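Going line by line, the protein sequences match chains D and V.
So the first sequence is numbered by this note's numbering: it starts at 1 and just counts up by one.
So the second sequence is numbered by this note's numbering: it starts at 1 and just counts up by one.
Yeah, the Cβ is synthetic: ideal placement off N, Cα and C, and Gly gets one too.
The model shown is predicted, which means the values in this text are computed figures rather than measured ones.
Each remark here refers to the structure printed beneath this line.
2 protein chains.
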Amino acid sequence: MPHQKLDYAAKIRECGCRLTPQRELILDAVCEGGGHTTVDEIFARVRARSKAVNLATVYRTLDFLCDMGLVVCAEIDGHRVFEIASARPHHHLVCQACGRVERLDHEMFQTLFNQIERQRGFKVEMKHLVLFGLCQDCRNRED
Amino acid sequence: MPHQKLDYAAKIRECGCRLTPQRELILDAVCEGGGHTTVDEIFARVRARSKAVNLATVYRTLDFLCDMGLVVCAEIDGHRVFEIASARPHHHLVCQACGRVERLDHEMFQTLFNQIERQRGFKVEMKHLVLFGLCQDCRNRED
DNA sequence: ATTACTGCAAAGGATTTGCATGTGA
DNA sequence: TCACATGCAAATCCTTTGCAGTAAT
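Structure follows, in C-alpha cells:
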C-alpha cells in the first residue's frame, strides 16, 4: 500500500520541480536495488533501459531525491549507497566477513536516542545507520 | 596517564615496523586534533613543522596507524576523519546546525549492541559512531 | 646490510561543473 | 513560454601507486 509512483510524482511536483523520465528511471533503479545500491549499479540499471541517460544526471538526480527525502544515502566503506526512504525507518547490519546485509528495525535505536535526548539534550536525527560486525554464521565458522 | 609516546613506539616496533619522524609527526597531528581531524588538517599541522613530509606519506601512515589500532577512522559527510584510539571507546554527536561535536560514552551503545546480539546473533563491532542531530542550543534557537 | 619507508610525480576513480540544448508545466 | 532539467565534456577533488632513493634497526 505505500510508495506508489503517484506519491513520488506528487511530492516532486509539489515544490515546483518536474517529473522527468530520467527521474522516474533513476527512482525505479533505486527501488529495484532492494537494499543498498551504489551509483554504479543504479547507472547500469538505468542504462539497460535507456542509453541516453548521463552519469552526471544520475548524480544530480540522486542528490535531488535525497533532498526531497524520497531516497536516503549512507556511506559504507567509503562508498555511497542509496535506498528508497521507507515509511518505517530502519538500519542495517553489515557482516565484515561475508558482506551480508541484515535489516534492523528502528525501535531499539529510538529507545537509545530518547535516552540521549533526555541526558544530553541532543536530538539524534539518524534515519539510517550502518553497523558493522559479524553475523551469526561467520561467528560459528570462526570458532 | 595513558598513551605515552613510548607506548606507541613499542607497539609499532613490536611487529617489525619502524618508528620514523614522519610517523611521529603524523601521530602528534592526530592527537592535537582532539576530536575528529581530516586528512587536510593533519597534513597542514605536519607541514607546519616539517615541509619535507609528503601528502602520500600522510595517507599511507594513517592507513598504517589504523591497521595498528593506534588511530581510528570514521566517515562524516563523505569525508574521512581520524582520531587517536582511546582506551575507552566512545562516539560522537555532531550538530547539523552549528557543527559542534560532543563526545558520548560507549556504555549506552553497548546495551543496545548486546540486545542486538541476543536477538539476532549479530555481534556489532563499532568502536566509533557518528550520530547527526541537533544540539540543545540550536534546538532552543529554532523555537 | 637489509628492507621498510619516503618523496615525487603520475595515474586513477569518483563526483561536480559550465554551458548550450531540450522539455515538462 | 520559460524556467527547470539534461547531455556532454572538461575540470576538480581525493586518494592510490610505481619507482628510485633514503634511513631505521
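Quiz item: Can you list the alpha helix (DSSP H) stretches of 4 or more residues lying completely in the segment 50 to 122 of chain D, in chain order?
Solution: Along the length of the segment 50 to 122 of chain D, whole alpha helix (DSSP H) runs at least 4 residues long occupy 55 to 68 and 107 to 120, reported in chain order.
Quiz item: Excluding sequence positions up to five away, which residues of its chain have a Cβ less than 7 Å from the Cβ of Asp105(D)?
Solution: Contacts found: His90.
Quiz prompt | Closer than 7 Å to chain V by CB, Cys17(D) | solution = Any Cβ of chain V closer than 7 Å to the Cβ of Cys17(D) would place that residue at the interface, and such an atom is absent.
Quiz prompt | Leu25(D), DSSP secondary structure in three states | solution = Leu25(D) falls in the helix class under three-state DSSP.
Quiz item: Using the beta-carbon of each residue, which ones in chain V are nearer than 8 Å to Glu125(D)?
Solution: Simply Gln96, Phe132, Gly133 and Leu134.
Quiz prompt | For Leu131(D), the residue or residues it bridges with in DSSP | solution = Leu93(D), per the DSSP bridge assignment.
Exercise. Answer yes or no: does any C-beta atom of chain D fall closer than 7 Å to that of Glu83(V)?
Key: The Cβ of Glu83(V) sits no closer than 7 Å to any Cβ of chain D.
Quiz item: From Arg49(D) to Ile26(D), what distance separates their C-alpha atoms?
Solution: If you take the alpha carbons of Arg49(D) and Ile26(D), they lie about 10 Å apart.
Quiz item: Mind pulling the chain V residues with CB within less than 8 Å of Leu104(D)?
Solution: Going along chain V in sequence order, the residues near Leu104(D) (Cβ under 8 Å) are Ile116 and Arg120.
Exercise. Would you mind giving the Cβ-Cβ distance between Tyr59(V) and Val39(V), rounded to the nearest angstrom? I have them listed as a contact below 8 Å.
Key: Their Cβ separation, rounded to whole angstroms, is 7 Å, which keeps Tyr59(V) and Val39(V) in contact under 8 Å.
Quiz item: To which residues does DSSP link Thr37(D) through a beta bridge?
Solution: Looking at the DSSP assignment, Thr37(D) forms a beta bridge with Phe82(D).
Practice problem: Starting from the beta carbon of Leu62(D), find every residue of chain V whose beta carbon is closer than 9 Å, and list them in chain order. | Solution: Near Leu62(D) there are no residues of chain V at all, since even the closest Cβ is about 13 Å away, more than 9 Å.
Practice problem: Find the nearest neighbour of Val53(D) within the set Arg23(D), Glu14(D) and Val81(D), judged by alpha-carbon distance. | Solution: Looking from the CA of Val53(D), the closest CA among Arg23(D), Glu14(D) and Val81(D) belongs to Arg23(D).
Exercise. Verify the CB distance criterion: does Glu75(V) have a CB-CB separation below 7 Å to chain D?
Key: So yes, Glu75(V) belongs to the interface.
Practice problem: Check the DSSP bridge columns for Val164(D) and list the partner residues they point to. | Solution: Nothing can be reported for residue 164(D), as the shown portion of chain D is limited to 1 through 143.
Self-check item: chain D residues whose Cβ lies nearer than 8 Å to that of Leu65(V)
Solution: Here the premise fails: no neighbours, minimum Cβ distance about 17 Å.
Quiz item: What's the C-alpha gap between Gly69(V) and Ser86(D)?
Solution: Each residue's alpha carbon lies about 37 Å from the other.
Quiz item: Assuming Leu127(V) contacts Val72(V) under a Cβ cut-off of 8 Å, what Cβ separation, rounded to an integer in Å, is found between them?
Solution: Sequence inspection shows Lys at residue 127(V); the Leu mentioned does not correspond to that position. Between Lys127(V) and Val72(V) a beta carbon distance of about 6 Å is seen, short of the 8 Å cut, so the two are scored as contacting.
Quiz item: Candidates Leu131(D), Lys51(D), Glu107(D) and Gly78(D): which alpha carbon is nearest Gln96(D)'s?
Solution: Closest option to Gln96(D), Cα to Cα, is Leu131(D).
Quiz prompt | Pairwise C-alpha distance: Phe43(V) and Leu55(V) | solution = Using only the alpha carbons, I get a separation of about 7 Å.
Quiz item: What distance in whole Å lies between the Cβ atoms of Glu102(D) and Leu93(D), which are believed to be in contact at a cut-off of 8 Å?
Solution: Their Cβ separation, rounded to whole angstroms, is 4 Å, which keeps Leu93(D) and Glu102(D) in contact under 8 Å.
Quiz prompt | Local conformation of Cys15(D) per DSSP, three classes | solution = In the three-state DSSP reduction, Cys15(D) falls in the coil class, being neither helix nor strand.
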